[in-house]
Amino acid sequence: MKGLVLCYLISFVYCWWEVGHMMTAQIAKNYLKDNRPDVLAWADSLVQDFNSLTDGKSNTFAEAAVWLDDIKETGTEFLFSWHYTDRPINPDGLLIKIDDESRNINSIYAINQAVAVLTNSKTSRNRHTVFKAQMLRVLLHVIGDIHQPLHDTSFYNSSYPDGDAGGNFLNIQLQNGTMMNFHSFWDSGALTFAPNNSFMARPLSQSDSEYLDKWSKDLMKKFPISKYSNYDMTNPSVWTYLGFRQAQQFLYPMVATSNNYSSDYEKQAIAFCEENLIVGGYRLGNKLIEIYDQILQNEAKLTVSE
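Per mature numbering (1 follows the signal peptide of the UniProt record, and there is no 0), the sequence shown runs over residues -15 to -1, 1 to 291.
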């Protein structure tokens, strides 16, 4: 596999670092505001519950979607595997070994654990616990991660017999000669958003909050929820498989056989990022609806039994 990319591929879409996660959450927020404001009020209250225990950069619903990345350097290495599910792309049919922890402790596990905590019938008397507040933030983040396809796979060949960790070991060369790993290239939306850029720095300014809100609404108009009536909106295993297929069919082929810049690929990449952000936001909203409806059922059963 060649490791050369001759230019930046996306001109205005920001994906999956801080802005991508905030966009996913903002889309979910606006979707819930229009359809299930009761669910939004519940989820937002859990975000607020945890604010006094953070550094002040994740105090809103959108900002809280970045929290799981914020704590990466605080001794929480045991949570790293919650950010991805490494389904193998193995075109050469290598004999590969995936340890049990990597196979089972992943983004699917993280989402299912968050759901289990939030809907636990034994804690139905109290919607507000430290664990529920924490796991709501996990849910906001990991559903965003799943919609960056390099969080859903690892590539195996003779150069990477143990896998490339979702593009983290695959170096690519940018137009200015700089080398970086493929995963970061996609996390950054092809470098159009960088962490040292003042755009969307947290805590968000009022103007940036308004921009995020308007941008999410513009995408929702461009990609209405009705377009995705046949999409699975609640099963994270299905989501990670679709992300795996996107990486297999689109992301990796971009650097597999050619290093020639393609304007057609740029257009595809822009549409790809936009649509994955919007689908991620709708799925986050629908997952929160599913969870809250289960909470209401648990509370109703508790009331009847008293």
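All C-beta atoms in this analysis are idealised placements derived from N, C-alpha and C, irrespective of residue type, glycine included. Model, not experiment: these values are computed from the prediction.
Residue i and residue j closer than 7 Å at C-beta
{"i": "Trp171", "j": "Leu121", "result": "no"}
{"i": "Ala50", "j": "His6", "result": "yes"}
{"i": "Asn89", "j": "Thr70", "result": "no"}
{"i": "Val127", "j": "Ile83", "result": "no"}
{"i": "Asp23", "j": "His68", "result": "no"}
{"i": "Phe46", "j": "Asp29", "result": "yes"}
{"i": "Thr219", "j": "Lys272", "result": "yes"}
{"i": "Ile74", "j": "Thr138", "result": "yes"}
{"i": "Asn156", "j": "His168", "result": "no"}
{"i": "Met165", "j": "Val4", "result": "no"}
{"i": "Leu25", "j": "Leu31", "result": "no"}
{"i": "Ala118", "j": "Phe35", "result": "yes"}
Same chain, Cβ closer than 8 Å to residue i, neighbours up to 5 away in sequence not counted
{"i": "Asp77", "result": "Tyr141, Asn142, Ser143"}
{"i": "Ile12", "result": "Ser201, Leu204, Met205, Leu262, Ile263, Gly265, Gly266, Tyr267, Leu269, Gly270"}
{"i": "Thr114", "result": "Thr108"}
{"i": "Asp55", "result": "Thr39, Asp40, Lys42, Ser43"}
{"i": "Ile280", "result": "Trp27, Leu103, Thr104, Ser109, Arg112"}
{"i": "Pro146", "result": "Leu79, Ile81"}
{"i": "Tyr213", "result": "Val264, Tyr267"}
Bridge partners - residue i, DSSP secondary structure assignment
{"i": "Pro73", "result": "Ser139"}
{"i": "Thr157", "result": "Rather than Thr, the amino acid found at residue 157 in this sequence is Ile. According to DSSP, which records beta bridges pairwise, Ile157 is partnered with Met165."}
C-alpha distance - residue i paired with residue j, whole-angstrom precision
{"i": "Gln191", "j": "Leu197", "result": "10 Å"}
{"i": "Asn44", "j": "Lys14", "result": "14 Å"}
{"i": "Asp278", "j": "Gln231", "result": "31 Å"}
{"i": "Leu103", "j": "Gly162", "result": "47 Å"}
{"i": "Ser211", "j": "Leu80", "result": "43 Å"}
{"i": "residue 330", "j": "Ser37", "result": "This structure leaves residue 330 out entirely; the chain is present only between -15 and 291."}
{"i": "Phe229", "j": "Val289", "result": "45 Å"}
{"i": "Asn181", "j": "Arg187", "result": "In this prediction, Asn181 has a pLDDT of 48, which is less than 50 and means its spatial position is unreliable; what the coordinates show is noted afterwards. Using only the alpha carbons, I get a separation of about 11 Å."}
{"i": "Ala10", "j": "Glu260", "result": "14 Å"}
{"i": "Phe235", "j": "Ala256", "result": "12 Å"}
{"i": "Pro221", "j": "His132", "result": "10 Å"}
{"i": "residue 292", "j": "Val223", "result": "As displayed, the chain neither begins before -15 nor continues past 291, which places residue 292 out of reach and without an answer."}
{"i": "Asn105", "j": "Leu124", "result": "15 Å"}
{"i": "Leu53", "j": "Arg72", "result": "22 Å"}
{"i": "Pro209", "j": "Thr59", "result": "39 Å"}
{"i": "Tyr226", "j": "Asn215", "result": "16 Å"}
{"i": "Gln253", "j": "Met8", "result": "20 Å"}
{"i": "Thr61", "j": "Leu189", "result": "25 Å"}
{"i": "Phe63", "j": "Gln98", "result": "14 Å"}
{"i": "Lys199", "j": "Lys57", "result": "30 Å"}
{"i": "Phe116", "j": "Asp217", "result": "27 Å"}
Close-in-space but distant-in-sequence residues of the same chain around residue i (CB under 6 Å, 5 per side omitted)
{"i": "Trp27", "result": "Tyr277"}
{"i": "Asn283", "result": "Ser106, Ser109"}
{"i": "residue 377", "result": "The first residue shown for the chain is -15 and the last is 291, placing residue 377 beyond what the model contains."}
{"i": "Gln233", "result": "Ile74"}
Close Cβ partners of residue i (< 7 Å) along its chain, the five nearest in sequence each way excluded
{"i": "Val100", "result": "Ile276"}
{"i": "Ile274", "result": "Arg21, Val24"}
{"i": "Gly151", "result": "Tyr69, Asp71, Leu135, His136, Thr138, Ser139, His168"}
{"i": "Ser194", "result": "none"}
Residue i CB to nearest heavy atom of the ligand GTP below 6 Å
{"i": "Ile128", "result": "Of the ligands one can find in the structure shown there are none, so the ligand GTP has no counterpart to examine."}
Beta carbon proximity, residue i to chain C, threshold 7 Å
{"i": "Ile96", "result": "Protein chain content of the structure displayed is limited to a single chain, and chain C is not contained in it."}
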